[in-house]
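Numbering (UniProt numbering), first residue to last: 1 to 1153.
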């Protein structure tokens, strides 16, 4: 309507009647209004005439109330409105009559004449008025008389005008600068009137709700009028009734686009510092605007800055305004702000830390499960030394003890145990009083919510009992017997969590029988009632842990085992913990259990098991149960070729964990089926995609050649697992061996294949089958060697002269090599040194290529002897000392085959003085970088064996030689040198009779070598230097050095090996989450514990203060996350000793570091 009026009145200029007509028009209200389009202008003459005619101005007020499109302040052309002058000018310059009229006019009529949209959008505009003039006018009215009803009407009219402005803005209608300026001033008037009413308590709560409901805040960030309007509720929030403020804040929460958020953030682009400045300014006001403070705190709850004075003011505000029972309704915004501050800013010099601790502690006694209280207390204990000291006085201060619940106190104790420093008496109080009391509370009230405190109990136990001191275990287990006697009803989850912690940190050997009986009974109960799967998993884990750690007890009720197996839930085959438990029980009691039923369930779930996370455990359990089924009736579903083929279809013949378990299942099926019934020969050893053929005759004659992966076969030959046993599933290969073929399956498969079908000789060589079998001649297991000898013998026979053909011209050379090898073996199935098997494979590769540079040399070597000497290094002197033009290639070919895997290889090389030759050759002019690298690789493989470590490290001074190499060839072979040192330390005690006879000499050499490497690392130009990558193993080597020296069986004097330089460098290289840091930590504890007694041995003096401070700072950082109680207890004494001897402010210096 307002818009239409504006549009309809902007096309003609309104007429201005004479003064007489105007007076007559105003004083004759009953006269018909025939002067449409006439604008009434109040001049001094009009006001005088109306006053003389009526004796008051009421008729004027009535007229303008009836004509909202007109204004008291319209003026004639080239003149000003005298009424407006009375508003904006001093009293002395305005007629007394006009002043009397304006001051006596109702405030709603005056403001509507200035700010009504019908007036502002009409063609007869009033002159603009300043906000200061409006405030002065309203102050005069407030000092004389303001009618509450008129003020309320004025407020609603002003809100309506603001809504009209907002709607025009949304409709994209034209808005002039004069219109906007007038609306801005109307906001000031609205603010004044709202504040006047709130201050005098004149408005009911319902009125504010109407005003706030009319206040719409969307898209306010780009308009000055809407911004000023939207902030009014916050500016007045400390004066208006709380109920209306709460309702407004509920409608406009801080996590949405609230008005204050729009004002403070997008429009003004305020930083965290500006917001906190605003918060501090509001808190400094004599009358604190509580809702505004809370809103500012909510906006900055995650943007706190280190301002201790502001924290003190916020804390004082919280004490004065926040209700003590606030946690019951909603989390405290102020507490959340203080928690963020405590967590992210230093509190060492914060005066409010202890008062905050006391206040939160007092509220904890009345509200035990207040999570914010607990979190603030935890943060204060961990980050404030003063609060930590206050907590240590809790045992001796009755007023600080929590009276009814220790759940929260347990969380605080866990926080204290993870902080520094620790007071032994407080630790003893926690272990002897608090934790047992919490356990009793959990047992007495199992249904009480302990969700947050049980993990805290686990953290406390981890700190107290997970250190290197294995002799220390949990005490106060009087409750355990009563819990274990519970067999007729299920125990609560909280009790079960206590049992899991007890099994982890206690010795239950004397109660193992009760634990197993309890676990089986609970599993039976849960299976009958189909309880939560997580509970079943926890109980099964507890029972399995007891069985595997202490063995099955002698006194074990057989009925419990039978009931457990009988009542297994149908989905037990998908639960890893139940599978583990069944696999542990079945071999011990096969006659008591219905193994056939278990097997049927496992066989039915075989295919589905590979899609679950418990696939490996399922296959392991299947193999165990099959082996336990050694008496009839054996399920026909298991002892059948069909099931054997089914298993082989999932088998890949590799050394991966799953394939090793499948191999154990295959062996178990063959064993249980008996001789000749179900064998691998009957199914043709087919695996993978070829296993599902109905008969082996359906396969291609040479299917094995298609099934073998060339790359995997090449890798399997280069890294043949010589320690793989033929039988048994306990074999654990190295992680790098998972992509190798399993010789326990492949060798019998190859032997069966070449005996049943004639594989062409060239394919036998090119596929790697013969090379793989030759590697098997060095295997530890006699059965594997027997299969390998059979394969090589078959190949030897097929390449004999009697079976000569012309499709393979190199057959005679390969046959001669195999014949020479055969003649050199004195005993059946003798174990061949790895050197010899590598030589034979490399020689075959050379003989298959007549253009190879080694072809004539290998031929000459074979023709010069009838038998291969298995106790010698073939062609070593001839090739190593070669003077031909290809001497570098020949020497490299020779060094490539010198691969040491066995002690017999080491003895062979030592007998031929190979190590001495290689060590002397390394620095000769004939050695190039490639050959030197091969020498270091040979030494690394040799030193990994027990015999090689004794010879090279103990007798030949390898570590001193490596130091000389590091100095002479700085930065050239760093990675290889570090790998060699790492292997040397790792294999030091591999001998059958380890001894520390040479320990002092070894430590001294290792000490000097490590110092050299550290110096070279420090000389790297910058961290991104390419050389820095070569030092990747340096942290591991340094950690091994300290471990080796500290744990020596008969360590020499500390001064022989200890180096503060190395310790400081090691800690500087190790990040907090490094696994090497955890390995070094016990040794650092050992050093810190001995500093007070032997400072000289540990190079402790004023000159070493900086380095020791760095080490202690590193230990302090580790103590926060490592849960190492000996470290936490040793640090205070060590810091005290360093403080007394060197620097009084050491503890502050460490904190800064």
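Where is the CB? At the ideal position from N, CA and C, for every residue including glycine.
DSSP three-state assignment for residue i, whether helix, strand or coil
i, result
"residue 1139", "helix"
"residue 58", "helix"
"residue 741", "strand"
"residue 27", "helix"
"residue 792", "helix"
"residue 1134", "helix"
"residue 941", "helix"
"residue 69", "coil"
"residue 1159", "The chain is shown from 1 up to 1153; residue 1159 falls before or after that span and cannot be answered."
"residue 1054", "helix"
"residue 1043", "helix"
"residue 43", "coil"
"residue 885", "coil"
"residue 783", "helix"
"residue 302", "coil"
Beta-carbon proximity list for residue i, same chain, < 8 Å, skipping 5 on both sides
i, result
"residue 810", "847, 848, 850"
"residue 800", "815"
"residue 540", "519, 523, 575, 577, 578, 580, 581"
Residue i CB to nearest heavy atom of the ligand MG below 7 Å
i, result
"residue 927", "With respect to the ligand MG, the structure offers nothing, as it holds no ligand at all."
7 Å CB neighbourhood of residue i in its chain, flanking five on each side removed
i, result
"residue 707", "688, 690"
"residue 271", "none"
"residue 882", "890, 891"
"residue 178", "128"
"residue 871", "908"
"residue 480", "502, 511"
"residue 731", "660, 724, 725"
Beta-carbon contacts of residue i that lie in its chain and below 6 Å, excluding the five residues immediately before and after
i, result
"residue 525", "490"
"residue 685", "749, 752"
"residue 327", "Because residue 327 carries a pLDDT of 42, less than 50, the predicted location of this residue cannot be relied on, and the following value inherits that uncertainty. So the list reads 367, 370, once near-sequence residues are dropped."
"residue 1133", "none"
"residue 720", "775"
"residue 754", "794"
"residue 985", "1040, 1044"
"residue 187", "228, 229"
"residue 935", "918, 922"
"residue 336", "301"
Burial state of residue i (16 or more Cβ within 10 Å)
i, result
"residue 454", "buried"
"residue 441", "buried"
"residue 841", "buried"
"residue 388", "buried"
"residue 967", "exposed"
"residue 304", "buried"
"residue 390", "buried"
"residue 926", "exposed"
"residue 1035", "buried"
"residue 955", "exposed"
"residue 963", "buried"
Residue-level contact to chain B via CB, residue i, 8 Å cutoff
i, result
"residue 362", "Going by chain labels, chain B is absent from the structure shown, which holds only one protein chain."
Do the segment 820–835 and the segment 882–891 touch if we need at least three Cβ pairs shorter than 8 Å?
no
Ignoring anything shorter than 4 residues or poking outside the segment 557–606, list the alpha helix (DSSP H) runs there in chain order.
558–566, 576–585, 595–604
Tell me whether the segment 713–727 and the segment 624–643 touch, counting them as touching only if at least three CB pairs, one residue from each stretch, are closer than 8 Å.
no
Residue ranges of each alpha helix (DSSP H) within the segment 165–207, 4 or longer:
Fully enclosed alpha helix (DSSP H) runs of 4 or longer: 177–200.
For the segment 752–766 and the segment 778–785, state whether three or more C-beta atom pairs, one from each stretch, are separated by less than 8 Å.
no
At a cut of 8 Å, does the segment 584–597 reach the segment 612–632 through at least three beta carbon pairs?
In this structure the segment 584–597 lies against the segment 612–632, because at least three pairs of beta carbons, one per stretch, are closer than 8 Å.
Entirely within the segment 329–414 and at least 3 residues each: give me those beta strand (DSSP E) ranges in chain order.
none
Considering only residues of the segment 497–551, which uninterrupted alpha helix (DSSP H) runs meet the minimum length of 4 residues and lie entirely inside it, listed in chain order?
512–529, 533–550
Segment contact, 8 Å Cβ cut-off, at least three pairs: the segment 148–161 with the segment 169–178
Fewer than three pairs of CB atoms, one per stretch, sit closer than 8 Å, so the segment 148–161 makes no contact with the segment 169–178.
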